[in-house]
Amino acid sequence: MPKIPLRERRTKARPGQQMVWSVAQSQAAAVITSPDETSLMTLLSDVMRPSGVFDPFDALPIKMPLRSKELLHYFFQAGYGFGPFPRNPDDCLIPITQNPDLLQNTLLVPGIHYARNKGDLALFEPTFLFHKIQCIRQVNLWLGSGPDKNLQTKCARYISTLAITEACLGDFEAAESHLNGLVVYLDSKRLQTGQDARGQVEDELTSRYLILAKNVLHSTASRVRDLIANYCVARGIKEPLKVTEYGLMKHKPHLHDTSGTISCLKATRMLPFFFGFLPTERMPKDVDMHMTVTVLRDLTRRADPRHTNRSAYTNWKVWHSGDTPRLLFALVDSHIESFSDKLQLPPQGRQTFISSWSSFCVTMGMYLTNVVELWNHGLPIERRLRYYTIRVLEDDIRNGYETLEHMDQETRYTWFWKAFVGSLTVAQAQSADYDERLDGMFDKFSKYIKAFTRVEKMSSWDEAKKILVTVVWPMECTQDEICTKVWARLLAKH
Numbered sequence: 001m002p003k004i005p006l007r008e009r010r011t012k013a014r015p016g017q018q019m020v021w022s023v024a025q026s027q028a029a030a031v032i033t034s035p036d037e038t039s040l041m042t043l044l045s046d047v048m049r050p051s052g053v054f055d056p057f058d059a060l061p062i063k064m065p066l067r068s069k070e071l072l073h074y075f076f077q078a079g080y081g082f083g084p085f086p087r088n089p090d091d092c093l094i095p096i097t098q099n100p101d102l103l104q105n106t107l108l109v110p111g112i113h114y115a116r117n118k119g120d121l122a123l124f125e126p127t128f129l130f131h132k133i134q135c136i137r138q139v140n141l142w143l144g145s146g147p148d149k150n151l152q153t154k155c156a157r158y159i160s161t162l163a164i165t166e167a168c169l170g171d172f173e174a175a176e177s178h179l180n181g182l183v184v185y186l187d188s189k190r191l192q193t194g195q196d197a198r199g200q201v202e203d204e205l206t207s208r209y210l211i212l213a214k215n216v217l218h219s220t221a222s223r224v225r226d227l228i229a230n231y232c233v234a235r236g237i238k239e240p241l242k243v244t245e246y247g248l249m250k251h252k253p254h255l256h257d258t259s260g261t262i263s264c265l266k267a268t269r270m271l272p273f274f275f276g277f278l279p280t281e282r283m284p285k286d287v288d289m290h291m292t293v294t295v296l297r298d299l300t301r302r303a304d305p306r307h308t309n310r311s312a313y314t315n316w317k318v319w320h321s322g323d324t325p326r327l328l329f330a331l332v333d334s335h336i337e338s339f340s341d342k343l344q345l346p347p348q349g350r351q352t353f354i355s356s357w358s359s360f361c362v363t364m365g366m367y368l369t370n371v372v373e374l375w376n377h378g379l380p381i382e383r384r385l386r387y388y389t390i391r392v393l394e395d396d397i398r399n400g401y402e403t404l405e406h407m408d409q410e411t412r413y414t415w416f417w418k419a420f421v422g423s424l425t426v427a428q429a430q431s432a433d434y435d436e437r438l439d440g441m442f443d444k445f446s447k448y449i450k451a452f453t454r455v456e457k458m459s460s461w462d463e464a465k466k467i468l469v470t471v472v473w474p475m476e477c478t479q480d481e482i483c484t485k486v487w488a489r490l491l492a493k494h
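Using the UniProt record's numbering, you'd call the opening residue of the sequence shown number 1 and step up by one each time.
Shown next as structure tokens:
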């Protein structure tokens, strides 16, 4: 019988000295007292502890070397200190602890959370790098195994998580490389997936993983740029720091503020609920995006898009407000709801914004980039990623076009908001980085917009803008002149 190494024997508490969910004390185990903590420990203990096993982490489906158990324990325990979980958390937590692929993927997230919470990843860096390498190796293994549509969702989940991880740790070039690689991979697999229910669900999930990763990357990159710019202006530094230097500076105290840290922690802890939710063959349904629209309205108001040269401090107020983690929470919650078999009825009299999840979140990213100029610092995104997301949006707009006259007014207005933001994005993209594939897209959007004007019996930009405001749109913004020209082009197309 092999002997247990002395180092590991010393780290183990003797029977009776340590509770099931206790971890040997260290500076890593940041215990946050919460009345909900016991219920979480009970839940996970019941899930992961088979008969005769004292330590529930010993029953996990993958190897947990170095400080893996301590890092995972930290994440579950610390999570309750940063706001509520989404609806039905058991639907996400239980699969994570039983599925080796989900658990391996999830183990990247606690490292992000700990680095932001403590200001230094050093204590867990070997553990974090181990699991990061394991994820990369697994992706390479899947990619080299030949065509297999069953691996598409797994690959997309891992690559998206790696992109989000690199973005949150400040390596934006690596994050963009992961994201661009994912687009190429999904394009190559797009025609290989079957048309059965399971294949359609997997196609939808892979698109959602990419869409979320894109939004996290572009919001994080903008936040860092504004943070650094605000720091330089406040200290009279004439040569602004490069964003690429942020990876070396992200743990310095002068780049932190309490509100921003807590906001990032709230956002980070939501990620396992997004990637850990695995519907089987249940097709997603359209959902009410009211919570997301509410946050978008707050972001629009705080960003103050009326001014061409608004200061870095103006944008920093947006990041300081905590709206971005609220936005991520709303996206995760609506993602889970879209696969639920229970219909959530809105309160009577409340405005609703019924939409497919993917098309709304694609439009949201376009709106925050091209109208509010907040995401990605208002800069155009990479052309392959841009075309992929526009295609996702156009697919949904085309489906709605067939039933436009039968929609209720609020749903029709939401559809129009998506269609016009998509049109504006195509027009701006063509002026910055021409792509012949988008010419056909603009013609399609023109057809959709014309159909809407016929149903609503309107034709002027002022009338269109009033409808956009009922969803989310600035009363004044720097894009007003461009919007007027795009509107004229849309109605003039034959």
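We put the CB at the ideal spot given by N, CA and C, even for glycine. Here the structure is a predicted model, which is why all the values come from computation and not from measurement.
1. State yes or no: is the C-beta of Val299 within less than 9 Å of the C-beta of Leu374?
2. Based on the DSSP output, what are the partners of Ser355 in its beta bridges?
3. What is the rounded straight-line gap between the Cα of Pro15 and the Cα of Glu70?
4. Inspect the beta-carbon positions of Pro279 and Trp357 and report whether they are closer than 9 Å.
5. Rounding to the nearest angstrom, what Cα-Cα distance links Val392 and Thr411 in this structure?
6. Can you tell me where the alpha helix (DSSP H) holding Lys154 begins and where it ends?
7. In this structure, how does DSSP classify Asp187 when only helix, strand and coil are distinguished?
8. Give the C-beta separation of Arg67 and Leu265 to the nearest angstrom, bearing in mind that I take them to be a contact with Cβ-Cβ under 8 Å.
9. Using a Cβ distance threshold of 8 Å, determine whether the region 382-400 contacts the region 332-344, with at least three qualifying pairs required.
10. Nearest to Thr478 by CA position, among Ser459, Ser207, Asp304 and Cys135, is which residue?
11. Just mark Tyr158 as buried or exposed, buried being the case when its beta carbon has 16 or more other beta carbons within 10 Å.
12. For the alpha helix (DSSP H) containing Gly144, list its first residue and its last residue.
13. Should Val318 be flagged as near chain D, meaning a C-beta pair shorter than 9 Å?
14. Starting from Ala492, trace the alpha helix (DSSP H) both ways and give me its first and last residue.
15. Where does the unbroken alpha helix (DSSP H) through Lys447 begin, and where does it stop?
16. Have a look at Thr414, His377 and Trp319 and flag the residue whose alpha-carbon is nearest the alpha-carbon of Asp286.
17. Please classify Lys12: is it buried, with 16 or more other beta-carbons within 10 angstroms of its beta-carbon, or exposed?
18. If we count the other Cβ atoms within 10 Å of its Cβ and call it buried at 16 or more, is Arg225 buried or exposed?
19. How many Å lie between Pro272 and Ala213 at the Cα?
20. DSSP three-state call for Met364: helix, strand or coil?
21. Residues in the same chain with beta-carbon distance under 7 Å from Gln134, minus the five sequence neighbours each way, listed in chain order, please.
22. Assuming Asn376 and Ala221 form a contact by the criterion Cβ under 8 Å, report the distance between their Cβ atoms to the nearest whole angstrom.
23. Assign Val471 to one of three DSSP states: helix, strand, or coil.
24. Where does Asn99 sit, in a helix, a strand or coil, going by DSSP?
25. Between the Cα of Asn140 and those of Phe128, Thr127, Leu129 and Lys154, spot the shortest distance and give me the residue it belongs to.
The short version:
1. At residue 299 the sequence reads Leu, which differs from the Val that was named. For Leu299 and Leu374, yes; Cβs fall inside 9 Å.
2. Val287
3. Summary for Pro15: the model assigns pLDDT 41, below 50, so the residue's position carries little reliability; its value from the coordinates is reported in the next sentence. Going from the Cα of Pro15 to the Cα of Glu70 covers about 19 Å.
4. no
5. 19 Å
6. Gln152 to Cys168
7. helix
8. The Cβ separation is near 20 Å, so there is no contact.
9. no
10. Asp304
11. buried
12. That residue, Gly144, is in no alpha helix (DSSP H); it is neither H nor E in DSSP.
13. The question asks about chain D, but that chain is absent: this structure has only one protein chain.
14. Asp480 to Ala492
15. Arg437 to Glu456
16. Thr414
17. For Lys12, the predicted model reports a pLDDT of 49, less than 50, meaning its position is unreliable; a value from the coordinates is still stated below. Exposed: under 16 other Cβ atoms inside 10 Å.
18. buried
19. 13 Å
20. helix
21. Gln104
22. 6 Å
23. helix
24. coil
25. Lys154
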